[in-house]
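Trainee:
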Amino acid sequence: MPSAEYRVSPADESIRLGPLSIRFLATGAETHGTLALFELIVPAAARLAAPPHSHDQYDETIYGLEGVLTWTVDDVPIEVRAGDALVIPRGAVHRFDNHGEVAATAVCVVTPAAIGPGFFRESAEVLNAAGGGPPDGARLAAIMAHHGPKPVPPPQG
174 MPSAEYRVSP ADESIRLGPL SIRFLATGAE THGTLALFEL IVPAAARLAA
224 PPHSHDQYDE TIYGLEGVLT WTVDDVPIEV RAGDALVIPR GAVHRFDNHG
274 EVAATAVCVV TPAAIGPGFF RESAEVLNAA GGGPPDGARL AAIMAHHGPK
324 PVPPPQG
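For the sequence shown, my numbering gives the first residue as 174, with consecutive numbering after it.
#1: Should H267 be labelled buried (16 or more other beta-carbon atoms within 10 Å of its own) or exposed?
#2: Rounded to the nearest angstrom, what separates L190 and A302 at their Cα positions?
#3: Do you know how far the Cα of H205 is from the Cα of L193?
#4: Contact between the region 223–243 and the region 258–265: three or more CB pairs below 8 Å?
#5: For the alpha helix (DSSP H) containing A203, list its first residue and its last residue.
#6: Here's the rule I'm using: 16 or more other beta-carbon atoms within 10 Å means buried, otherwise exposed. How should V246 be labelled?
#7: Would you grab the beta carbon distance between F197 and G289 for me? Rounded to a whole angstrom, and I think it's under 8 Å.
#8: Looking only at its own chain, which residues have a Cβ that is under 6 Å from the Cβ of F269, when we skip the five neighbours before and after it?
#9: Just to confirm before moving on: does the CB-CB distance between V299 and L313 stay below 8 Å?
#10: Using CA atoms only, rank isn't needed, just tell me which of Y179, A222, V249, V215 is closest to S296.
#11: In whole angstroms, what separates the C-alpha of V282 from that of L208?
#12: Whole angstroms is fine: what's the gap from A199's alpha carbon to G291's?
#13: Is it true that the CB of A255 sits closer than 8 Å to the CB of E239?
#14: Kindly list the residues whose CB is nearer than 8 Å to the CB of K323, restricted to its own chain and excluding five residues on each side of it in sequence; keep chain order.
#15: Could you give the uninterrupted runs of the alpha helix (DSSP H) lying entirely in the region 249–328, keeping only those of 4 residues or more?
#16: Which of the three DSSP states, helix, strand or coil, is assigned to Y231?
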């Protein structure tokens, strides 16, 4: 039987993305590409600047641990509370906010592991470089194009 090294939270990388805290627990490197797993913490009353987006290469499952996150999926608002799971299939347009009075924590599972910490690291660099002002939209669009999420423009009119 081949020997393997087993570790708790093998990726264990935390990334600060604006007000969000993202902690990767496992990436495609540890799961042979089958999934990526990360913890997401969204502060209270956080209306996020992230655009609605979709992705064609992976499904995303959100499992609520604390607080309430409001996910809007294909224009339908869905509240994810502790113990709730929401499956966002490939191609669905989605975004999220925390309208609550307490921080919300969720675990996100991406299958297969088509996105990982690199996307969030690169996005954080652009946000940090903006110093609280508007980020470089062209650079963010290039990062999204490289890693797979497709921003969806707001409706006209």
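By construction, the Cβ of each residue, glycine as well, lies at the ideal position given by its N, Cα and C atoms.
As the structure is a prediction and not an experimental result, all values here were calculated from the model.
Mentor: If we stick to the structure as given:
#1: H267 comes out buried.
#2: Roughly 12 Å separates the two Cα atoms.
#3: L193 and H205: Cα-Cα distance of roughly 27 Å.
#4: Verdict: yes, contact present.
#5: Strictly speaking, residue 203 in this sequence is Glu, with Ala absent from that position. Its alpha helix (DSSP H) spans residues 201–204.
#6: Taking every protein chain shown into account, the CB of V246 has 16 or more other CB atoms within 10 angstroms, so this residue is buried.
#7: Confirmed, about 7 Å.
#8: The answer, listed in chain order, is L242, W244.
#9: Taking 8 Å as the Cβ cut-off, V299 and L313 qualify as a contacting pair.
#10: If we check each option's Cα against that of S296, A222 comes out closest.
#11: Each residue's Cα considered, the two are about 7 Å apart.
#12: The alpha-carbon atoms of A199 and G291 are separated by roughly 13 Å.
#13: Taking a C-beta distance under 8 Å as the contact criterion, E239 and A255 qualify as a contact pair.
#14: Closer than 8 Å at the Cβ level, and outside the excluded window around K323, lie H226, S227, H228, D229, M317.
#15: The alpha helix (DSSP H) runs of length 4 or more contained entirely in the region 249–328 are, from start to end of the chain, 290–302, 310–320.
#16: Coil, per DSSP.
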